[in-house]
Amino acid sequence: MKLVKCKQCKEEVSAKEKICPHCGVKDPGIKTQDVIGGFIVFIIICAAIYYFVSGDNKVPSTGEITVKAEVKETSKPFKYADMTLKEYRNEAKHEREKIVSNYKSYKNLYITNAEVNNFYNCLSEMSYTKSDELKLGEVLEWCYADYSKNPSSFAKYINFDNYKSKFSSWDGSYRPLTKIIKENMHDESTYKHHDTTTRRVRSSDNKLYAIIKTTFSGTNLYGAMVKQSLTAKVDIKTGEIIELVPEH
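Just add 9 to the spot in the sequence shown (first one is 1) and you have this note's numbering.
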């Protein structure tokens with residue numbers, strides 16, 4: 010039989026004794042060090058269990074990592090990429106502005122309102138000077154490449170809105186020129202518009218302007234109906250006449 014010393018009176022007692030026969034203390038064979046040691050082991054085991062359980066919740070699975078990466082890499086496509094320049098040109102102004110704004114979001118551009126307007130101007134000029142069937146997705150990438158190359162020179166493009174607003178949606182005539190014609194007719198009530206043609210010219214200093222020619226008819230001093238034409242050089246940016254061009 011294994012004997013141990015009582016923790017209280019230090020007399021020898023059996024290790025299995027519940028009460029010391031000498032001093033009456035309970036569990037005479039269990040020492041304070043044993044209690045502390047057991048408590049420390051218990052704490053270590055609990056800490057280890059908590060670490061492994063909570064660690065599983067904090068570390069995402071491979072599947073979760075893959076999904077998050079795919080979401081980050083996938084951006085919304087440019088909604089109007091397949092619209093042609095002709096279709097864009099015929100949209101209302103607020104729709105054209107919305108298209109440019111959508112492209113800005115698509116490219117994640119953090120730019121000023123002035124720079125957004127420059128993109129609008131670039132697309133405006135392209136819509137009048139490039140092939141009608143070109144797609145916006147391609148043309149706006151040209152604008153973006155130009156902007157990326159030199160943002161300070163990107164303001165060179167012209168907004169054609171003022172120019173376009175000067176034309177009659179009814180017969181295609183250029184209203185400022187029609188006004189001059191009527192003011193110089195013998196009887197403006199006999200005015201009849203036949204045709205208005207336009208062509209764009211780039212000057213030696215790289216400025217773009219338009220040559221607009223209107224063919225019309227009206228009565229002269231003798232009451233006879235005569236056919237004539239008048240041509241003007243026009244500032245595209247403002248839409249106003251720069252000067253009348255003599256007929257050759």
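For every residue, glycine included, the Cβ atom is placed at its ideal position computed from N, Cα and C.
Quick caveat: nothing in here was measured; it's all calculated off a predicted structure.
- In the three-state reduction of the DSSP assignment, residue 144 falls in the strand class.
- The beta carbons of residue 223 and residue 186 sit closer together than 7 Å.
- Taken through DSSP and simplified to helix, strand or coil, residue 114 comes out as helix.
- The beta carbons of residue 191 and residue 183 sit about 13 Å from each other, so the pair does not count as a contact at 8 Å.
- Relative to residue 86, the option among 102, 106, 114 whose CA is nearest is 114.
- Per the Cβ contact rule, the segment 124-142 is in contact with the segment 166-174 (3 or more Cβ pairs under 8 Å).
- With distances taken between CA atoms, residue 232 lies nearest to 197 out of 119, 248, 197.
- Ranked by how close their Cα comes to the Cα of residue 250, the residues 91, 180, 221 have 221 in first place.
- With 16 or more other CB atoms across the displayed protein chains lying within 10 angstroms of its CB, residue 149 is buried.
- Put simply, of 146, 244, 102, 140 the residue whose alpha carbon is nearest the alpha carbon of residue 126 is 102.
- Judged by DSSP secondary structure, residue 252 falls within the beta strand (DSSP E) whose first and last residues are 250-254.
- Here residue 52 is exposed, its C-beta having fewer than 16 other C-beta atoms within 10 Å.
- Taking the Cβ atoms as the reference, residue 116 lies roughly 6 Å from residue 153, within the contact range of under 8 Å.
- Residue 194 and residue 236 have their C-alpha atoms spaced approximately 12 Å apart.
- Residue 204: member of the beta strand (DSSP E) spanning 201-211, first to last residue.
- Judged by beta-carbon spacing, residue 217 lies within the 7 Å limit of residue 211, meaning their Cβ atoms are closer than that value.
- Inter-residue distance for residue 141 and residue 94 is about 5 Å (C-alpha atoms, whole angstroms).
- It is roughly 43 Å from the alpha-carbon of residue 134 to the alpha-carbon of residue 230.
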